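Read through the structure below, which is laid out as structure tokens, and then see the notes.
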Amino acid sequence: MSMESLKLTVMTPEKTASLTADKNAALQGQERLFEIRPALKADENVLIPLSHLFAGSDFLTNWLLNREVDLDWIVSGNVLQNSRSRAEMIVHMDDLLQKLSPISALRIFKNRELCRIAARELSGIADFAEAVLEWSCVADISIDTAIKAAERDALKERGVPIYVPFEKTEPETAKICAIAMGKLGGGELNISSDIDIIFVHSSDQGSTPGVNGKGVVTLHEFFVGVAREAVRLLSEMTEDGNMFRVDLDLRPEGTRGEVTNSIGAMEVYYESWGQNWERQALIKARYCGGDKSVADETLERLRPFVYRKYIDQKAVDEIALMKGKIDSSLIAKKGAKRAGRDIKLGEGGIREIEFLAQSLQLLYGARYPELKTRSTLEALDVSYSLGILSEPHYIDLSEAYIFYRRLENRIQYYQGAQTHLVPTDETRLIVLARQMGMENDNLAERLATEISRRRKRVRGIFNSYFAKSNEDETDAFPVSLDDEEAVVAWLDSLGFDRPKDSARALNFLRNGRPFSHPSERSRTAFDKFGPAMVKLAMETSWPDNVIVRLAEFVESKGGRGMLYSLLDTHRPVLSLLSAIFSSSEHQTLRLITHPDILDRLLISDPVGMPPSRIQCKRELASAVKSGKTVGEQVAGMNFFRVTETMRLSLRSILGLAQMAETMEGLTILSEEYIKKVTDIACNEVGTLPDGTSLAVIVAGKLGKREMSFSSDVDMLVFYEGGEEGRAYVTRVTQEILKLSSMQTSYGIGYDIDLRLRPDGEKGLLVSSLKLMKDYYKNRGQEWERIALVGARQMAGDETFGDKVMQALRSFIFAGPFSVTSAKKLAYIRERVADEKVKVGTTDIKFGRGGMMDIEFICQWLKIEKETADSVQDSNGSFTFSVLSEIKEKEWLPLETASELEKNYHLYRAIEEALRMDRGKSVSVIPKPSLELKRMVRKVGEKGVGPDRFIQLVKETMKRTRAIYRDFTLSRVG
Numbered sequence: 001m002s003m004e005s006l007k008l009t010v011m012t013p014e015k016t017a018s019l020t021a022d023k024n025a026a027l028q029g030q031e032r033l034f035e036i037r038p039a040l041k042a043d044e045n046v047l048i049p050l051s052h053l054f055a056g057s058d059f060l061t062n063w064l065l066n067r068e069v070d071l072d073w074i075v076s077g078n079v080l081q082n083s084r085s086r087a088e089m090i091v092h093m094d095d096l097l098q099k100l101s102p103i104s105a106l107r108i109f110k111n112r113e114l115c116r117i118a119a120r121e122l123s124g125i126a127d128f129a130e131a132v133l134e135w136s137c138v139a140d141i142s143i144d145t146a147i148k149a150a151e152r153d154a155l156k157e158r159g160v161p162i163y164v165p166f167e168k169t170e171p172e173t174a175k176i177c178a179i180a181m182g183k184l185g186g187g188e189l190n191i192s193s194d195i196d197i198i199f200v201h202s203s204d205q206g207s208t209p210g211v212n213g214k215g216v217v218t219l220h221e222f223f224v225g226v227a228r229e230a231v232r233l234l235s236e237m238t239e240d241g242n243m244f245r246v247d248l249d250l251r252p253e254g255t256r257g258e259v260t261n262s263i264g265a266m267e268v269y270y271e272s273w274g275q276n277w278e279r280q281a282l283i284k285a286r287y288c289g290g291d292k293s294v295a296d297e298t299l300e301r302l303r304p305f306v307y308r309k310y311i312d313q314k315a316v317d318e319i320a321l322m323k324g325k326i327d328s329s330l331i332a333k334k335g336a337k338r339a340g341r342d343i344k345l346g347e348g349g350i351r352e353i354e355f356l357a358q359s360l361q362l363l364y365g366a367r368y369p370e371l372k373t374r375s376t377l378e379a380l381d382v383s384y385s386l387g388i389l390s391e392p393h394y395i396d397l398s399e400a401y402i403f404y405r406r407l408e409n410r411i412q413y414y415q416g417a418q419t420h421l422v423p424t425d426e427t428r429l430i431v432l433a434r435q436m437g438m439e440n441d442n443l444a445e446r447l448a449t450e451i452s453r454r455r456k457r458v459r460g461i462f463n464s465y466f467a468k469s470n471e472d473e474t475d476a477f478p479v480s481l482d483d484e485e486a487v488v489a490w491l492d493s494l495g496f497d498r499p500k501d502s503a504r505a506l507n508f509l510r511n512g513r514p515f516s517h518p519s520e521r522s523r524t525a526f527d528k529f530g531p532a533m534v535k536l537a538m539e540t541s542w543p544d545n546v547i548v549r550l551a552e553f554v555e556s557k558g559g560r561g562m563l564y565s566l567l568d569t570h571r572p573v574l575s576l577l578s579a580i581f582s583s584s585e586h587q588t589l590r591l592i593t594h595p596d597i598l599d600r601l602l603i604s605d606p607v608g609m610p611p612s613r614i615q616c617k618r619e620l621a622s623a624v625k626s627g628k629t630v631g632e633q634v635a636g637m638n639f640f641r642v643t644e645t646m647r648l649s650l651r652s653i654l655g656l657a658q659m660a661e662t663m664e665g666l667t668i669l670s671e672e673y674i675k676k677v678t679d680i681a682c683n684e685v686g687t688l689p690d691g692t693s694l695a696v697i698v699a700g701k702l703g704k705r706e707m708s709f710s711s712d713v714d715m716l717v718f719y720e721g722g723e724e725g726r727a728y729v730t731r732v733t734q735e736i737l738k739l740s741s742m743q744t745s746y747g748i749g750y751d752i753d754l755r756l757r758p759d760g761e762k763g764l765l766v767s768s769l770k771l772m773k774d775y776y777k778n779r780g781q782e783w784e785r786i787a788l789v790g791a792r793q794m795a796g797d798e799t800f801g802d803k804v805m806q807a808l809r810s811f812i813f814a815g816p817f818s819v820t821s822a823k824k825l826a827y828i829r830e831r832v833a834d835e836k837v838k839v840g841t842t843d844i845k846f847g848r849g850g851m852m853d854i855e856f857i858c859q860w861l862k863i864e865k866e867t868a869d870s871v872q873d874s875n876g877s878f879t880f881s882v883l884s885e886i887k888e889k890e891w892l893p894l895e896t897a898s899e900l901e902k903n904y905h906l907y908r909a910i911e912e913a914l915r916m917d918r919g920k921s922v923s924v925i926p927k928p929s930l931e932l933k934r935m936v937r938k939v940g941e942k943g944v945g946p947d948r949f950i951q952l953v954k955e956t957m958k959r960t961r962a963i964y965r966d967f968t969l970s971r972v973g
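Structure, rendered in structure tokens:
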């Protein structure tokens, strides 16, 4: 029956008692109450919650009815009817401190608030969540009060603790704080729980001045004294009762560690020696008393330790293993039957729900910031909303957690004992069942059945996440890696080209450099994933490079233990590294030089995601926003360009993306980069003059939406306005060139080529619309019409850009070429082949019969068949789109068009493989070598060896040249 329902009826004391879980205990408490405060018989607002308190807690009943002053406090006003804010509780504490010593005030405060919370929860006025949150607040205020009292006394004896912060020159006052852990940290402290805290102080580098020549101590000694006194104030038993049991075991080095540590010592400890269970424990960490700035800085420094950038299931399995040891220890200490009654540590109990929730936080916290909550219930809620937990699992876990925690509070309210055991006495079980809202008969049995049902559900879910696999361990190395001769022979038998280099690399990977001492854990991890890595290397075209470059990467990255744990538990990362090291020397060197790129590639599985313009914009905008200077902004953009380029190349290497997707991704990246650079350039130059407009036009590979690795950007810039406008747009263009070519730690952005502008290298950097129209009308060349096919606006004023594009299209699509013009174009194409192609090489771009022949045909046909008004912008690759259009509209015979399409696809695949490997614009087939072998494998011509591949390419170029020759001859007469 709700409180509102009760108020509608006249409630006698006996009726009130009959509605509690233990009528006799309630009546006995009422009798004692009325002896000292008979007027309360008629006050239902007080009588109802107190009757439930009398029925549910012997120890609180005795405390309250033996202390009339405290009884008067709890029955005054609306103390029992309303929840209390932190501010109200602080006022309560301050009022007590005006009259009592800190040690007495703390105990009165704690027990008064506990009586209030218990009466409200047991009567149903407050729910479990409110009760534990308010109880946590009581603990916070008590801890803060104890620290301040201890610090105040220490200041009187020893003076103000002074230190000079790092990178500062002026001294500051050192401070101390307490960080809440466990249930207190989560704001869900149970009624008779220890309070888990860690003390932290500003620094050890300083001292106190002393008082009257005495009490000069180091900062460490000063704060150890403060911490110990605070613990005494909180935990010592007095005539006013007990306070809290303070547990400092979660501090660095546990019971052997210092009572308090400096911020720096905390950071060093967790960074160097922190264990996985400590990572789990710190999920709950928060400020609870003392100086908040010290806590904030500490928690900020420890955050990277808690939430790794990538998932590490093995770390979670280690925590689960520790949970198994706790289970075994519990059974050994208490016996199986007694352990089965433990709703906290027993199977399917509170601890397993907390373990599971915190494990999901560790696994996914770096990917989903909303999981970084201290509350178990909130962690379960978020895990469900993100789809990490299924709905049935979420319902079972959250309902079981609330059930257990309500039951735990009611067990502890009774005698104030720190126990999680369900009682065996039937009378007590019946009372508990009623307190849990059960009615009718067989209450003891029904409660036991409900507990058992929930245990089985929780245990089943826990086991589904942490049950051990029966899979066999990875095969071991067949030889000792310390025996170089044997390893060389083994690798040689596997077909490694440089077995001696690879053998030494394997030895380094396991044992480190001479006189170094990798941990046993690192060696064990390598023994597990090392054989798998060798197998992966054998499946590539460059096995030696996989092993040797991995060794270089490990040395560059550092943190061997963490990296090896990742490689051991996440074999796809091995595949990813193997793909990079075997396919791209350029990307390999990038990764070794900047190992942080790997972290970027692992967060949220970006390699599995196709190109996204929205994500690209977001990342570039974030880079600009986070940079304090233009240099930092460009460096951030270049870091994203490098990682995104590597991501796209990996998708290609791993077979996750076809050629069209790779071109699209590289095109999107280039487009958004150029737009962002243009924005920065405009901001740097200043306000656009009145009446001035600018348009940035791109042509070439970017214009035709078919960017490749290491493609440059062909650009033209036009303006409208007077001399002031010309000067402004010229400066903007110069700034674009400067920013894009700026050398950062992650290289440059893009090479920008402005030679397609009117009058080429001899012309002005930017042209007005009037000058541009005049140029193309009177001096524009045939080759410029070909070169500008596919040009489109990239940045600037759209309305002005439309005018520019209209003028360009009028020039480009001015009708078919005359015979004279066709001869000039054919001559230019031959001259390019003569000038660009070295004798004795096979150049698939500039060589006769190469890509340029096919692109010439496509651009030429587009000019022949379209007008300035009819031409449409292609959504994808211009050349592939036109090749499809040629077949569809029969501009060439179907067989001829299909041959061109197939040949162009081969050339682009070769170009992609070459540029991905070398990281620069190359188009020459390498001579027979390991590089050629790798390229052939990447292009994917099955059953074709290097020599046959070169022959195949030459035959393809011969057929392409024949088609090109027929095409041009038909037009030159």
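Position one of the sequence shown corresponds to residue 1 (UniProt numbering), numbered consecutively onward.
Built from N, CA and C at the ideal position, the CB exists for glycine as well.
These numbers come from a predicted model, not from an experiment.
Could you check whether Ser582 and residue 975 sit closer than 7 Å to each other, using their CB atoms as the reference points? An answer regarding residue 975 cannot be provided, because it is not within the stretch 1 to 973 covered by the chain.
Using the beta-carbon count (16 or more within 10 Å), is Val642 buried or exposed? Classification for Val642: buried.
C-alpha gap between Pro611 and Gly876, whole angstroms: Going from the Cα of Pro611 to the Cα of Gly876 covers about 13 Å.
Using the beta-carbon count (16 or more within 10 Å), is Thr20 buried or exposed? Residue burial annotation: Thr20 is buried, with at least 16 other C-beta atoms found within 10 angstroms of its C-beta.
Quick check: is the beta carbon of Asn511 nearer than 7 Å to any beta carbon in chain B? Here chain B cannot be found, since the structure has a single protein chain.
So, at 6 Å on beta carbons, what are the nonlocal neighbours of Gly801 in its own chain, with the 5 sequence-adjacent residues on each side left out? Counting only Cβ-Cβ distances below 6 Å, and skipping sequence neighbours, we find Ala695 and Gln793.
On a CA-only basis, which of Asp873, Ile950 and Ser884 is nearest Tyr907? Give me that one, please. Of the listed residues, the one whose Cα sits closest to Tyr907 is Ile950.
Residue 978 - containing alpha helix (DSSP H), residue span: Beyond the ends of the chain as shown, which are 1 and 973, falls residue 978; an answer cannot be given.
Since Ala551 is in the alpha helix (DSSP H), which residue starts that stretch and which ends it? Membership of Ala551 in the alpha helix (DSSP H) is indicated by the continuous run Pro543 to Lys557.
According to DSSP, is Ile736 helix, strand or coil? Helix at Ile736.
Local conformation of Phe949 per DSSP, three classes: Looking at Phe949 - three-state DSSP - the assignment turns out to be helix.
Label Thr799 either buried or exposed according to how many other C-beta atoms from any shown protein chain fall within 10 Å of its C-beta, with 16 as the threshold for buried. By the neighbour-count rule (16 or more Cβ atoms within 10 Å), Thr799 is not buried but exposed.
Could you tell me whether the Cβ atoms of Val226 and Ala154 are closer together than 7 Å? One thing to note: Val226 has its Cβ within 7 Å of the Cβ of Ala154.
Per-residue burial, Ala17 [other beta carbons within 10 Å of its own, 16 or more giving buried]: Answer is buried; the Cβ neighbour count reaches 16.
On the CB-based measure, 16 or more other CB atoms within 10 Å of its CB, does Phe553 come out buried or exposed? Under this definition Phe553 is a buried residue.
Should residue 1033 and Asp712 be called a contact, given that it needs their Cβ atoms to be closer than 7 Å? Look at the range of the chain in this structure, 1 to 973, and you will see that residue 1033 is not part of it.
Limits of the unbroken alpha helix (DSSP H) element including Ala178: Element bounds for Ala178: not the alpha helix (DSSP H) but the beta strand (DSSP E), Ile176 to Ala180.
On the criterion of 16 or more Cβ atoms from any shown chain inside 10 Å, does Leu788 qualify as buried, or is it exposed? Burial call: buried.
State the Cα-Cα distance for the pair Leu528 and Ile108, rounded to the nearest angstrom. For the record, residue 528 in the displayed sequence is Lys; it is not Leu. Looking at the two C-alpha atoms, the distance is approximately 59 Å.
Provide the residue(s) that pair with Glu172 in DSSP beta bridges, ordered along the chain. The partner list for Glu172 (beta bridge, DSSP) reads Tyr163.
If contact is defined by three or more beta carbon pairs under 8 Å, each pair taking one atom from either stretch, is the stretch 279-292 in contact with the stretch 206-224? The stretch 206-224, when compared against the stretch 279-292, does not touch it at the 8 Å Cβ threshold.
Sort Glu901, Asn409 and Val839 by Cα distance to Ile191 and report the nearest one. Nearest to Ile191 by alpha-carbon distance, out of Glu901, Asn409 and Val839, is Asn409.
Can the beta-carbon of Glu766 be found less than 7 Å from the beta-carbon of Val717? With the sequence shown as reference, residue 766 is identified as Val, and Glu is not the correct amino acid for it. With respect to Val717, Val766 sits close: the two C-beta atoms are nearer than 7 Å.
By DSSP's criteria, Asp43 is part of a beta bridge. Which residues make up the other side? In the DSSP output, where bridge partners are listed per residue, Asp43 has none listed.
Compare the Cα-Cα distances from Glu189 to each of Thr208, Lys284 and Glu782 and report the closest residue. The question names Glu, but residue 189 is Leu in the sequence shown. Of the listed residues, the one whose Cα sits closest to Leu189 is Lys284.
Grab the span of the alpha helix (DSSP H) containing Tyr414 for me, first residue to last. Start and end: Glu391 to Gln415.
If I'm right that Leu53 touches Cys115 with Cβ under 8 Å, what's the distance once you round it to whole angstroms? About 7 Å separates the two Cβ atoms, so the contact holds.
Is the CB-CB distance between Ser874 and Ser881 below 7 Å? Cβ distance < 7 Å, so Ser874 and Ser881 count as in contact.
Which residues mark the beginning and the end of the alpha helix (DSSP H) in which residue 1036 is found? The chain is shown from 1 up to 973; residue 1036 falls before or after that span and cannot be answered.
Outcome for Asn273 when other beta-carbon atoms lying within 10 angstroms are tallied against a minimum of 16: Here the sequence assigns Trp to residue 273, which means Asn is not the residue at that position. Trp273 counts as exposed, since fewer than 16 other beta carbons sit within 10 angstroms of its beta carbon.
Rounded distance between the beta-carbons of Pro758 and Thr737, thought under 8 Å: Reading off the sequence shown, one finds Leu at residue 737, where the question assumed Thr. Wrong, their Cβ atoms sit about 17 Å apart, outside the cutoff.
What three-state label does DSSP hand Met794 in the structure shown? Three-state result, Met794: strand.
Between which two residues does the beta strand (DSSP E) holding Ser202 run? No beta strand (DSSP E) holds Ser202; DSSP gives it neither H nor E.
Straight-line CA distance for Ala265 to Ser652? Looking at the backbone, the Cα of Ala265 and that of Ser652 are separated by about 46 Å.
Which residues share a DSSP beta bridge with Ile697? When DSSP reads this structure, Ile697 sits in a beta bridge with Leu716 and Gln793.
Who are the near neighbours of Phe846 in its chain, counting only those whose CB is closer than 8 Å to its CB and skipping five residues on each side? These residues qualify, in order along the chain: Val832, Ala833, Lys836, Val837, Met852 and Ser923.
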